[in-house]
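J.:
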Amino acid sequence: MKIEIRKIKYIFIQIVFLLMSVISFVLIESSIEFTFVSFIALIYFLCTICSLVCYQKKIFTAINCFYCVYVLFQIGVPLLYAVVPEYSNPYMSFFSEDILVNAIEYTLLSLEIFGLTIFIFLRSGKRYYSSRVVFTKKKAVNDERYVYTIAKALFICTGMVTVPLYTVVAYLTLKTGFSQVTRSLVAANGLFNLARALFIPAFFLLIIYGEDKKFTKFSKLVFFYMCVASLLSGIRTDGILWLLTYLYTSVKKGNKKKLNIKYLVLLVGIVMVAIYVGQSRVGSTIGSSVGDVLVKVVEEMGFNFTTICFVMMYIPSSTKFQIGGTYLKSILAMYPNSLDFLGIFSNIENTIGCQWLNDQNHMRFGSLLDFGSGFSAIGESYMNFGWGGVLVSCVIAIIVTSLYVDGKNAVSKWDRFVETVLFLALLTFPRRAFNEFVSNIEYSIFIIGLILIVMYRKRFAGKNNKED
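Below is the structure:
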């Protein structure tokens with residue numbers, strides 16, 4: 180692979196940070212402190228994001244968005260310890276200093292390997308898809324009028340379930356407070372799960388295949404309402420990342436003038452709701468200063484640093500390293516339960532990811548953490564391979580850079596749709612288990628694609644318009 184001359188300096192910076200971390204962790208391991216490593220992580224993050232902006236010569240790119248989200252979700256809380264001397268998070272008291280130091284060291288090494296790999300594989304210049312996206316050559320996905328009709332029907336049908344569902348859960352959360360029991364209502368049965376999985380992809384089909392249609396404009400209002408409702412329901416990430424994905428697809432289409440103030444105001448508004456939800460979690464009040472607001476935002480979004488701490492607490496003392504088992508089980512979990520006659524796959528999800536961690540926390544802390552501590556990509560990498568899991572970051576970086584090269588344009592609207600839902604799935608991946616990422620891909624791309632193809636064949640059956 181040929182490396183551009185102008186990017187060598189950025190790769191050199193990444194190597195220096197990585198070597199400094201490894202050497203310091205080995206030589207002064209006994210005296211190193213959590214806040215010190217957190218400060219190093221802050222410096223590294225600032226240098227890397229500045230390097231990415233300088234290299235790409237743009238601020239708002241898919242790579243930059245993913246990198247910021249990835250880092251914030253993994254080390255948001257440690258960054259606050261580095262920046263705000265008086266900051267203290269009550270949940271960090273659950274862990275010993277050794278666990279905190281090991282957790283931040285492992286996370287920093289993972290992020291540094293991630294950053295180095297990004298710069299090695301990141302390329303600039305205008306590129307185009309080669310029409311290799313799944314289903315891209317099918318007539319069904321290229322019939323714009325037909326796809327819009329199906330997307331409209333999907334949006335209405337799934338909206339009839341998801342909108343009332345999120346409204347009720349948001350109301351209960353505001354009335355009785357945040358709890359895992361209340362939040363679990365959104366996934367109480369198969370119908371709810373199916374509707375939730377298809378609702379947002381149906382929305383993006385609408386705006387990609389029929390941006391200026393009247394129903395699409397109405398669907399945007401419903402979409403923005405759902406962004407707020409999801410946060411009020413305690414589903415902290417979804418609303419913000421849904422909107423960020425919408426902004427991304429708008430920028431990719433070239434609607435930069437239309438973005439201006441209104442979408443930025445919406446984003447800020449949803450972030451404020453996220454702050455409210457985060458404070459409701461611990462029963463505290465929101466500060467009035469700008470600094471307080473920023474602290475609450477970073478704290479709320481970066482809470483998933485506790486995942487790697489919890490994982491190190493339980494593995495390998497009470498649970499063995501999985502040696503890639505959770506990734507394999509996540510793929511096997513795609514098998515439909517309705518076809519699992521022998522019950523082979525029925526209990527897989529209880530042994531991986533978020534559910535495993537919730538069960539472990541409940542056994543150790545009782546109901547104290549029943550609101551749900553979430554999960555993280557870095558936590559899962561350690562769960563599988565121990566310290567060798569830092570290399571998983573290489574794979575993630577290669578996937579992201581290969582999918583979202585700056586200037587890379589989709590050939591067709593279906594390509595744009597796949598690019599958009601993949602972007603959303605990747606944004607949510609850092610703070611969720613791999614099985615949830617796989618499930619997102621399964622429903623957002625494969626199920627949607629199969630629905631379009633099957634309905635298309637039935638519609639044109641006997642009319643000599645057979646599918647390719």
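The sequence shown begins at 180 in my numbering and counts up one residue at a time. Where is the CB? At the ideal position from N, CA and C, for every residue including glycine. Only a predicted model underlies this, so the values are computations on that prediction, with no experimental measurement involved.
Using 8 angstroms as the cut-off, can you tell me whether the stretch 279-299 makes contact with the stretch 570-581, which would need three or more C-beta pairs spanning the two stretches below that distance?
T.: yes
J.: Indicate the three-state DSSP secondary structure (helix, strand or coil) for PHE298 in the structure shown.
T.: Translated into positions along the sequence shown, residue 298 becomes position 119. In the structure shown, PHE298 sits in a helix (DSSP, three-state: H, G or I).
J.: Can you tell me whether VAL590 is helix, strand or coil according to DSSP?
T.: Along the sequence shown, read from residue 1 onward, the residue named residue 590 stands at position 411. VAL590: coil per DSSP, three-state reduction.
J.: Have a look at THR485, VAL569 and VAL490 and flag the residue whose alpha-carbon is nearest the alpha-carbon of PHE252.
T.: Within the sequence shown, residue 252 is the residue found at index 73, counting from 1. When only C-alpha atoms are compared, the closest one is THR485.
J.: Give the single residue among LYS318, SER552 and THR346 whose Cα lies nearest to the Cα of SER591.
T.: Sequence index remark: in the sequence shown, residue 591 carries index 412 (1-based). Nearest of LYS318, SER552 and THR346 to SER591, Cα basis: LYS318.
J.: Determine, using beta carbons only, whether ILE540 and SER555 come nearer to each other than 8 angstroms.
T.: Residue numbering aside, residue 540 sits at position 361 when the sequence shown is read from its first letter. Residue numbering aside, residue 555 sits at position 376 when the sequence shown is read from its first letter. In the sequence under discussion, the amino acid at residue 540 is Asn, which differs from the Ile named in the question. Their beta carbons are not under 8 angstroms apart, which means ASN540 does not touch SER555 by this criterion.
J.: Going by C-alpha distance, which of ILE228, ILE192, TYR234 and TYR506 is nearest PHE616?
T.: Taking the sequence shown and counting its residues from 1, one reaches residue 616 at position 437. If we check each option's Cα against that of PHE616, TYR506 comes out closest.
J.: My understanding is that LEU658 touches LEU377, with C-beta atoms under 8 angstroms, so please give their C-beta distance in whole angstroms.
T.: Here the chain covers residues 180 to 647 and nothing more, so residue 658 does not appear.
J.: Do you know how far the Cα of PRO257 is from the Cα of LEU385?
T.: Taking the sequence shown and counting its residues from 1, one reaches residue 385 at position 206. Taking the sequence shown and counting its residues from 1, one reaches residue 257 at position 78. Rounded to whole angstroms, LEU385 to PRO257 spans 40 angstroms at the Cα level.
J.: Under the rule that 16 or more other beta-carbon atoms within 10 Å means buried, what is ILE254, buried or exposed?
T.: Position 75 of the sequence shown, counting from 1, holds the residue named residue 254. So ILE254 ends up on the buried side.
J.: Since CYS533 and ALA282 should fall inside the 8 angstroms C-beta cutoff, what is the C-beta to C-beta distance between them, to a whole number of angstroms?
T.: Position 354 of the sequence shown, counted from the first residue, corresponds to residue 533. Position 103 of the sequence shown, counted from the first residue, corresponds to residue 282. The pair is not a contact, with the Cβ atoms about 18 angstroms apart (cut-off 8 angstroms).
J.: Given a cut-off of 8 angstroms on the beta-carbon distance, is the pair TRP593 and THR328 in contact?
T.: What you label residue 593 is simply residue 414 of the sequence shown in a count that begins at 1. What you label residue 328 is simply residue 149 of the sequence shown in a count that begins at 1. No, the pair does not count as a contact, with Cβ atoms beyond the cut-off.
J.: Is the beta carbon of PHE564 closer than 8 angstroms to that of ILE502?
T.: For the purposes of this step, residue 502 is taken as the residue at position 323 of the sequence shown. For the purposes of this step, residue 564 is taken as the residue at position 385 of the sequence shown. Result yes, Cβ atoms of ILE502 and PHE564 sit closer than 8 angstroms.
J.: For MET513, which of PHE625, TYR561, ASN483 and PHE196 has the nearest alpha-carbon?
T.: Taking the sequence shown and counting its residues from 1, the one referred to as residue 513 is at position 334. Here the closest residue by C-alpha is PHE625.
J.: What separation, rounded to the nearest whole angstrom, lies between the Cα atoms of ARG638 and PHE500?
T.: Numbered from 1 along the sequence shown, position 459 holds the residue referred to as residue 638. Numbered from 1 along the sequence shown, position 321 holds the residue referred to as residue 500. Straight-line measurement puts the Cα of PHE500 at about 51 angstroms from the Cα of ARG638.
J.: In angstroms, rounded to a whole number, what distance separates the CA positions of LEU411 and SER203?
T.: As a first step, residue 411 must be located in the sequence shown, where it is residue number 232. As a first step, residue 203 must be located in the sequence shown, where it is residue number 24. Near 43 angstroms, if we compare the C-alpha coordinates of SER203 and LEU411.
J.: Please state the DSSP three-state secondary structure of ILE211.
T.: Taking the sequence shown and counting its residues from 1, one reaches residue 211 at position 32. Of the three classes helix, strand and coil, the one that applies to ILE211 here is coil, per DSSP.
J.: For TRP535, count the other beta carbons within 10 Å of its own beta carbon; 16 or more makes it buried, fewer makes it exposed. Which is it?
T.: Within the sequence shown, the letter at position 356 stands for residue 535. By the 10 Å Cβ count, TRP535 comes out buried.
J.: Do PHE298 and ILE190 come within 8 angstroms of each other at the CB atom, strictly closer than that value?
T.: For the purposes of this step, residue 190 is taken as residue 11 along the sequence shown, with counting starting at 1. For the purposes of this step, residue 298 is taken as residue 119 along the sequence shown, with counting starting at 1. Yes, the pair counts as a contact, with Cβ atoms nearer than the cut-off.
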